[in-house]
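Residue numbers for the sequence shown follow the UniProt record's numbering, beginning at 1 and rising by one.
Notes to accompany the following structure.
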Amino acid sequence: MCKLIKATRTKHDCYYDTLHDDLDIDATREIQSILNAQNTDKSVSYFIQHDPIEYINESYN
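Here you go:
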């Protein structure tokens, strides 16, 4: 699952807002491409954050 994040940069800081979460990668990419195509504000970026992959450690005897 993925999150779609909006980053807004100011002179001294950067603010992050989660726009959507728990979306599959294809839907997230589609939304991101639409938002980036319509975006004219250079201080705003849209990016995808992937959930970390959980690794299962198995011990063998």
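Even glycine gets a Cβ: it sits at the ideal position worked out from N, Cα and C.
The model shown is predicted, which means the values in this text are computed figures rather than measured ones.
Item	Value
Per-residue burial, T14 [other beta carbons within 10 Å of its own, 16 or more giving buried]	Contrary to the premise, residue 14 reads as Cys rather than Thr in this sequence. Flag for C14 reads exposed.
Proximity of L4 and I48 at Cβ, strictly below 8 Å	yes
CB contact below 8 Å: D17 versus chain D	In summary, chain D is missing from the structure at hand, where a single protein chain is found.
M1 versus V44: straight-line alpha-carbon distance, rounded	23 Å
For E58, three-class secondary structure by DSSP	Annotation note: pLDDT 39 at E58 (below 50); position unreliable, no value reported.
Local conformation of D26 per DSSP, three classes	helix
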